[in-house]
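Those protein sequences? They're chains P, Y, W and Z, same order as listed.
In terms of the working numbering, the first sequence opens at residue 83 and continues consecutively.
In terms of the working numbering, the second sequence opens at residue 83 and continues consecutively.
In terms of the working numbering, the third sequence opens at residue 83 and continues consecutively.
In terms of the working numbering, the fourth sequence opens at residue 83 and continues consecutively.
Beta carbons are placed, not taken as given, at the ideal position from N, Cα and C, and that holds for glycine.
There are 4 protein chains.
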Amino acid sequence: MNKITKETVKAFMPTRERTSYKGSYGRVLLVGGNENMAGAIIIAASAAVYSGAGLVTVATHPSNKAALHARLPEAMFVPMNNTQQLKNYVSSMDMIVIGPGLGRDDESLTILRTVYETVKSHQILLVDGDGIYLHMNEVVPKPKATLILTPHLGEWRTLTNLSPDEQFVEVNQEYVKDLKAIVILKKARTEVYFDDEVWENTTGNPSMATGGMGDALAGMIGGFVPQFDTIKEGILSAVYLHSYIADQLSLTHYVTLPTAIIEQIPKVMKDISKDKQKRWI
Amino acid sequence: MNKITKETVKAFMPTRERTSYKGSYGRVLLVGGNENMAGAIIIAASAAVYSGAGLVTVATHPSNKAALHARLPEAMFVPMNNTQQLKNYVSSMDMIVIGPGLGRDDESLTILRTVYETVKSHQILLVDGDGIYLHMNEVVPKPKATLILTPHLGEWRTLTNLSPDEQFVEVNQEYVKDLKAIVILKKARTEVYFDDEVWENTTGNPSMATGGMGDALAGMIGGFVPQFDTIKEGILSAVYLHSYIADQLSLTHYVTLPTAIIEQIPKVMKDISKDKQKRWI
Amino acid sequence: MNKITKETVKAFMPTRERTSYKGSYGRVLLVGGNENMAGAIIIAASAAVYSGAGLVTVATHPSNKAALHARLPEAMFVPMNNTQQLKNYVSSMDMIVIGPGLGRDDESLTILRTVYETVKSHQILLVDGDGIYLHMNEVVPKPKATLILTPHLGEWRTLTNLSPDEQFVEVNQEYVKDLKAIVILKKARTEVYFDDEVWENTTGNPSMATGGMGDALAGMIGGFVPQFDTIKEGILSAVYLHSYIADQLSLTHYVTLPTAIIEQIPKVMKDISKDKQKRWI
Amino acid sequence: MNKITKETVKAFMPTRERTSYKGSYGRVLLVGGNENMAGAIIIAASAAVYSGAGLVTVATHPSNKAALHARLPEAMFVPMNNTQQLKNYVSSMDMIVIGPGLGRDDESLTILRTVYETVKSHQILLVDGDGIYLHMNEVVPKPKATLILTPHLGEWRTLTNLSPDEQFVEVNQEYVKDLKAIVILKKARTEVYFDDEVWENTTGNPSMATGGMGDALAGMIGGFVPQFDTIKEGILSAVYLHSYIADQLSLTHYVTLPTAIIEQIPKVMKDISKDKQKRWI
Numbered sequence: 083m084n085k086i087t088k089e090t091v092k093a094f095m096p097t098r099e100r101t102s103y104k105g106s107y108g109r110v111l112l113v114g115g116n117e118n119m120a121g122a123i124i125i126a127a128s129a130a131v132y133s134g135a136g137l138v139t140v141a142t143h144p145s146n147k148a149a150l151h152a153r154l155p156e157a158m159f160v161p162m163n164n165t166q167q168l169k170n171y172v173s174s175m176d177m178i179v180i181g182p183g184l185g186r187d188d189e190s191l192t193i194l195r196t197v198y199e200t201v202k203s204h205q206i207l208l209v210d211g212d213g214i215y216l217h218m219n220e221v222v223p224k225p226k227a228t229l230i231l232t233p234h235l236g237e238w239r240t241l242t243n244l245s246p247d248e249q250f251v252e253v254n255q256e257y258v259k260d261l262k263a264i265v266i267l268k269k270a271r272t273e274v275y276f277d278d279e280v281w282e283n284t285t286g287n288p289s290m291a292t293g294g295m296g297d298a299l300a301g302m303i304g305g306f307v308p309q310f311d312t313i314k315e316g317i318l319s320a321v322y323l324h325s326y327i328a329d330q331l332s333l334t335h336y337v338t339l340p341t342a343i344i345e346q347i348p349k350v351m352k353d354i355s356k357d358k359q360k361r362w363i
Numbered sequence: 083m084n085k086i087t088k089e090t091v092k093a094f095m096p097t098r099e100r101t102s103y104k105g106s107y108g109r110v111l112l113v114g115g116n117e118n119m120a121g122a123i124i125i126a127a128s129a130a131v132y133s134g135a136g137l138v139t140v141a142t143h144p145s146n147k148a149a150l151h152a153r154l155p156e157a158m159f160v161p162m163n164n165t166q167q168l169k170n171y172v173s174s175m176d177m178i179v180i181g182p183g184l185g186r187d188d189e190s191l192t193i194l195r196t197v198y199e200t201v202k203s204h205q206i207l208l209v210d211g212d213g214i215y216l217h218m219n220e221v222v223p224k225p226k227a228t229l230i231l232t233p234h235l236g237e238w239r240t241l242t243n244l245s246p247d248e249q250f251v252e253v254n255q256e257y258v259k260d261l262k263a264i265v266i267l268k269k270a271r272t273e274v275y276f277d278d279e280v281w282e283n284t285t286g287n288p289s290m291a292t293g294g295m296g297d298a299l300a301g302m303i304g305g306f307v308p309q310f311d312t313i314k315e316g317i318l319s320a321v322y323l324h325s326y327i328a329d330q331l332s333l334t335h336y337v338t339l340p341t342a343i344i345e346q347i348p349k350v351m352k353d354i355s356k357d358k359q360k361r362w363i
Numbered sequence: 083m084n085k086i087t088k089e090t091v092k093a094f095m096p097t098r099e100r101t102s103y104k105g106s107y108g109r110v111l112l113v114g115g116n117e118n119m120a121g122a123i124i125i126a127a128s129a130a131v132y133s134g135a136g137l138v139t140v141a142t143h144p145s146n147k148a149a150l151h152a153r154l155p156e157a158m159f160v161p162m163n164n165t166q167q168l169k170n171y172v173s174s175m176d177m178i179v180i181g182p183g184l185g186r187d188d189e190s191l192t193i194l195r196t197v198y199e200t201v202k203s204h205q206i207l208l209v210d211g212d213g214i215y216l217h218m219n220e221v222v223p224k225p226k227a228t229l230i231l232t233p234h235l236g237e238w239r240t241l242t243n244l245s246p247d248e249q250f251v252e253v254n255q256e257y258v259k260d261l262k263a264i265v266i267l268k269k270a271r272t273e274v275y276f277d278d279e280v281w282e283n284t285t286g287n288p289s290m291a292t293g294g295m296g297d298a299l300a301g302m303i304g305g306f307v308p309q310f311d312t313i314k315e316g317i318l319s320a321v322y323l324h325s326y327i328a329d330q331l332s333l334t335h336y337v338t339l340p341t342a343i344i345e346q347i348p349k350v351m352k353d354i355s356k357d358k359q360k361r362w363i
Numbered sequence: 083m084n085k086i087t088k089e090t091v092k093a094f095m096p097t098r099e100r101t102s103y104k105g106s107y108g109r110v111l112l113v114g115g116n117e118n119m120a121g122a123i124i125i126a127a128s129a130a131v132y133s134g135a136g137l138v139t140v141a142t143h144p145s146n147k148a149a150l151h152a153r154l155p156e157a158m159f160v161p162m163n164n165t166q167q168l169k170n171y172v173s174s175m176d177m178i179v180i181g182p183g184l185g186r187d188d189e190s191l192t193i194l195r196t197v198y199e200t201v202k203s204h205q206i207l208l209v210d211g212d213g214i215y216l217h218m219n220e221v222v223p224k225p226k227a228t229l230i231l232t233p234h235l236g237e238w239r240t241l242t243n244l245s246p247d248e249q250f251v252e253v254n255q256e257y258v259k260d261l262k263a264i265v266i267l268k269k270a271r272t273e274v275y276f277d278d279e280v281w282e283n284t285t286g287n288p289s290m291a292t293g294g295m296g297d298a299l300a301g302m303i304g305g306f307v308p309q310f311d312t313i314k315e316g317i318l319s320a321v322y323l324h325s326y327i328a329d330q331l332s333l334t335h336y337v338t339l340p341t342a343i344i345e346q347i348p349k350v351m352k353d354i355s356k357d358k359q360k361r362w363i
């Protein structure tokens, strides 16, 4: 199993070209946040913006708009229950993240189905949180996009019917192939399963055991992938840095909140890319 | 009377296990914030989140949702006037804090009664602010949960009919036994009454005499208790650190606002647990 | 004319007694913020809270509630267009500030009249901004409270019909006596007119020439007066420190925004009172 | 082609007179932010406020009010779909910025037309973002105000029908003359076209390639122009400093968000004007 280390991520970090513009860094749509769970999608969207995504749009319940813009004016809003608008926005995106705070009711399912039906093969679709629940428990169309799933251990167990002591890497790999997805298995040392290789993260600590942490990771991946040379490099770098920042914060913080991690993303990305990055002044 | 000191709290601070997850640190529900008093429950919920509670949900008036999520995306929302939803959420919690900004009208009383009727013996229920008012002045069912009350001096007088010069520790202890509750008597030097022992806090100062200070304490206790080995250790540590942070801030601030205290919680918890806490990197 | 200096303010700063509680530091109501001008009353209320007022309540247009609590959870809300609630709140206050963003239409006037009719002689009423406009241009009842007016130069001209070159201190003093009010005449060097003495401020600079600056001053006076030994000491200290903070900030900021000033209040109050203030730890 | 350098901007920076007041620094109206895009106009308005504009008012969709005031209490609100109110506000302004997040539908067009019809020759009108789209693609009245357009390269191509390799400075200048506008052509090295001279910016870097960056520039120009001796000096200084701050931030941040840039404006303006600026204390 490959290890994701600081050196790996340093090598992956992209350099921004002088004549690039916001379109060069990805159009990302985050879908989630039902009437009760605005926070999850706000956290995910903030992570995408602070990761340097070019343009971030949030499809969420209309009642979440004021809180979204009060915290994150950099993001645009779409009402997720407006099927036609949702389809239009999905179609124009490079990457879609669905699931944080999406809920598990009929309305949530309709939204998930709309996204699944609309995505095309050149797009990337990350399914997280309640999205994974619906993906596992409901009849949903097969999305044509490159699929990324981010289950935690409990969700993985439901997805695979594997008890914890059966979840060896080789066994997991077989299940991942069946799912035709890239799987990010979230645990103390997160594992990332691609079709033909598996990576284990080397960062992370229990100060991260708090609500919203997974939403921040989903948003970071959404922000990283369209900026990086390959999907693999974007995912591995996001997984590593999300926990790397928490490790740094944990030296001085008993609990590392997702909002505290997000704030550090631009600085840590700069730090890690310093050798490669051109100085602009 | 035992004294709560820095050494006491240091000994109580729990160590997080590497394989723990957010469920390990408590599901906490905060109930309060009527149409006029969103701020009280936002302060309490923020204190719970920054104290490291695993999952924080806020049952409040629906008109408070935008402000809650704009300030604290880490928290989930439930409309407190939806009796069925409230019952469901109460049932799935480790700890419930009711009272900050709850109000004192019929609607407030209905909500308090629903919570009191629903809690089970394995749960912990903290009653604060307007919750204490209703508890004292209205006919309410006897909650089955472990009960914590946080009266200030005036409320204690109403609860016990004791004039200030009759409130000796021994007398108070008798009344506490009748109440079948743990009582946190808030004053310049706060006293904590358990069934068989009494503790006096050694921190606190008059820069804390400002609105919302009690809400912050209620939220900290809500966040601490499910993380600590025992209820007693969680309560005493929260009481101490709440005022300890204010003491530190008072060196440079004339008034120490509850939001300023909350911001410091993760750092001070880390500081106080440094000798015990494993370094994760 | 007396000069307000750092030494004056140092001598005025009150010391908090160990057994004081939030009620010791004043119940303050701020009335203002119509449908278009939430910001003005949010700034005023923030200034009152950060000045150490014991309990701060904001009577404003209901549509301003979310923004108020998102920024300032320490404050309570009352709908200002609910006459009965407004009366009840006014009656229980030590100090009322009316005017910031209040508007100048019929609804604004009704609110002003309600407050003017309700206040009693033991209360203090500060009238600012649109409140001054209504006070000058409409028929309003004579408030029984101690009255403080905070006109800027243009408003003073309208109030007195004095052209700028007629506004000598002695002339102003005559008009102030007629008004039966304490007048804070806002200008480059603000003057404070009491019945029998006049004070000139020694701080202030043109980086303060920006929207909301007067609202911050009104809120600071509202927060200071109930904490200080006398109304005069509270007013003079607020006037001085408001501009003193801006002077400090102007060393590094081209424009000093009211929100930037407000953030510094607790630190500067501590600083200025260091010699007198007991250390609590 | 003239270069905008630090020395140029230093020479342009105005000195505030001791007796100036907020009216001395411009009344600025920002028009934009439809139901989905509150963030754009909030960013623009924040930039105007932090640039030191005397009085900032935001005409936007009513559903954006809470987020606006939660982030920026210094700004006033007007509902942009209320034609009469919009006209009244436009008439009383020194400078109007229209376009950020305005949208491109019939309602957006009505608003743009209202502003175009209402402005007078003594006023300055900056058209940005969706405003440029409507200006190019719809029949609109000729505004009487001094007109500033801020197209990016793609919009310029549509405006002029010039392919990228035909866009020489001399050619652009001809088109600018036809447009009877000052044109700020946004690119890696932004160019500013006046009637008789062209300036090239010397700051800017690809960390700025992120959503909202143009809104921040539009707002800064809106804030700068009424404060500076001439329109030209205000525009050139805003263009330079917007990217200068990003250059500074890019030393430590991989992506420089518009909100991060805005926060630095008051400090950088002070820094750049230090030699000229009087010290007030």
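Kindly indicate the opening and closing residues of the alpha helix (DSSP H) around M218(W).
-> The sequence position of residue 218(W) within the third sequence is 136, counting from 1. From DSSP, the alpha helix (DSSP H) with M218(W) extends over D212 to N219.
For the beta strand (DSSP E) containing R239(Z), list its first residue and its last residue.
-> Position 157 of the fourth sequence, counted from the start, is the residue given in the question as residue 239(Z). From DSSP, R239(Z) is part of no beta strand (DSSP E) but of the alpha helix (DSSP H) over L235 to T242.
Helix, strand or coil: how does DSSP classify N84(Y) here?
-> Looking up residue 84(Y) in the second sequence gives position 2. Looking at N84(Y) - three-state DSSP - the assignment turns out to be strand.
Provide the residue span of the beta strand (DSSP E) that contains R109(P), from first to last.
-> Locating residue 109(P) in the first sequence gives position 27, counting from the first residue. R109 to V113 is the span of the beta strand (DSSP E), which, as asked, contains R109(P).
So what does DSSP say about A148(P), is it helix, strand or coil?
-> Within the first sequence, the letter at position 66 stands for residue 148(P). It is helical.
Could you tell me whether the Cβ atoms of S133(Z) and G294(Z) are closer together than 9 Å?
-> The count along the fourth sequence starts at 1 and reaches residue 133(Z) at position 51. The count along the fourth sequence starts at 1 and reaches residue 294(Z) at position 212. Contact: no.
Please report the residue range of the beta strand (DSSP E) in which P161(Y) lies.
-> Taking the second sequence and counting its residues from 1, one reaches residue 161(Y) at position 79. First-last of the beta strand (DSSP E) with P161(Y): M158 to P161.
Since A120(P) meets chain W, which of its residues come closer than 9 Å, beta carbon to beta carbon?
-> Numbered from 1 along the first sequence, position 38 holds the residue referred to as residue 120(P). In chain order: nothing, as chain W lies at least about 12 Å away.
Cα-Cα separation, S332(P) to E189(W) = Walking along the first sequence from the start, residue 332(P) turns up at place 250. Walking along the third sequence from the start, residue 189(W) turns up at place 107. Those two C-alpha atoms are separated by around 53 Å.
Take every Cβ of the stretch 171-188 of chain Y, pair it with every Cβ of the stretch 147-156 of chain Y, and state whether three or more of those distances are shorter than 8 Å.
-> no
Endpoints, the alpha helix (DSSP H) within which E99(Y) is located = Within the second sequence, residue 99(Y) is the residue found at index 17, counting from 1. Note, E99(Y): premise wrong, no alpha helix (DSSP H); not H, not E.
May I have the straight-line CA-CA distance separating K88(Z) from A342(W), to the nearest angstrom?
-> On the fourth sequence, residue 88(Z) is found 6 positions in, with the first residue counted as 1. On the third sequence, residue 342(W) is found 260 positions in, with the first residue counted as 1. Between K88(Z) and A342(W), the C-alpha separation is close to 27 Å.
Compute the distance between the beta-carbons of L299(P) and V91(P), then report whether it is under 9 Å.
-> The residue labelled residue 299(P) in the question sits at position 217 within the first sequence. The residue labelled residue 91(P) in the question sits at position 9 within the first sequence. No, they are not a contact pair.
For a contact meaning CB atoms closer than 7 Å, what does A152(Z) contact in chain Y?
-> As a first step, residue 152(Z) is located in the fourth sequence; it is residue number 70 there, counting from the start. Chain Y residues near A152(Z): A152.
Which runs of the alpha helix (DSSP H) spanning at least 4 residues fall entirely within the stretch 282-312 of chain Z, listed in chain order?
-> 295-306
F250(Y) burial status per 10 Å Cβ neighbour count (16 or more: buried) | As a first step, residue 250(Y) is located in the second sequence; it is residue number 168 there, counting from the start. Exposed is the call here.
Keeping to the same chain, check which residues put their C-beta closer than 6 Å to that of D329(Z); ignore five residues upstream and five downstream.
-> Taking the fourth sequence and counting its residues from 1, one reaches residue 329(Z) at position 247. Correct list, in chain order: T285 and N287.
Test item: CB-CB of A130(P) and G301(P) under 9 Å = Start at 1 with the first residue of the first sequence, and residue 130(P) comes out as number 48. Start at 1 with the first residue of the first sequence, and residue 301(P) comes out as number 219. Yes, Cβ-Cβ distance for A130(P) and G301(P) is below 9 Å.
Kindly identify the DSSP beta-bridge partner or partners of Y336(Z).
-> By one-based count along the fourth sequence, residue 336(Z) stands at place 254. The partner list for Y336(Z) (beta bridge, DSSP) is empty, contrary to what the question assumes.
Quick one: list the residues of chain P neighbouring A148(W), beta-carbon separation under 7 Å, in chain order.
-> If you number the third sequence from 1, residue 148(W) lands on position 66. Correct list: A148.
Can you grab the Cα-Cα spacing for the pair T165(Z) / G211(Z), in whole Å?
-> Translated into positions along the fourth sequence, residue 165(Z) becomes position 83. Translated into positions along the fourth sequence, residue 211(Z) becomes position 129. Distance between the alpha carbons of T165(Z) and G211(Z) is about 21 Å.
Return helix, strand or coil for K356(P), following the three-state DSSP convention.
-> Taking the first sequence and counting its residues from 1, the one referred to as residue 356(P) is at position 274. Here K356(P) sits in coil by DSSP.
Could you tell me if P340(Y) is buried or exposed, where buried requires 16 or more neighbouring beta carbons within 10 angstroms of its beta carbon?
-> Taking the first residue of the second sequence as position 1, residue 340(Y) is located at position 258. The residue in question, P340(Y), is buried, as its Cβ has 16 or more Cβ neighbours within 10 Å.
Could you work out which residue in R271(W), S289(W), T292(W) and I266(W) is closest to G316(W) when comparing CA atoms only?
-> For the purposes of this step, residue 316(W) is taken as residue 234 along the third sequence, with counting starting at 1. Ranking R271(W), S289(W), T292(W) and I266(W) by Cα distance to G316(W) puts I266(W) first.
Residues of chain Y with a CB under 7 Å from the CB of T101(W): which are they?
-> Working through the third sequence from its first residue, we reach residue 101(W) at position 19. Those are A270, listed as they occur along chain Y.
In whole angstroms, what separates the C-alpha of E228(P) from that of L168(W)?
-> Position 146 of the first sequence, counted from the start, is the residue given in the question as residue 228(P). Position 86 of the third sequence, counted from the start, is the residue given in the question as residue 168(W). A small correction: the amino acid at residue 228(P) is Thr; Glu does not occupy that position in the sequence shown. Each residue's Cα considered, the two are about 59 Å apart.
Would you kindly work out how many angstroms separate the C-alpha atoms of A141(P) and H143(Z), rounded to a whole number?
-> Looking up residue 141(P) in the first sequence gives position 59. Looking up residue 143(Z) in the fourth sequence gives position 61. Taking the straight line from one Cα to the other gives about 19 Å.
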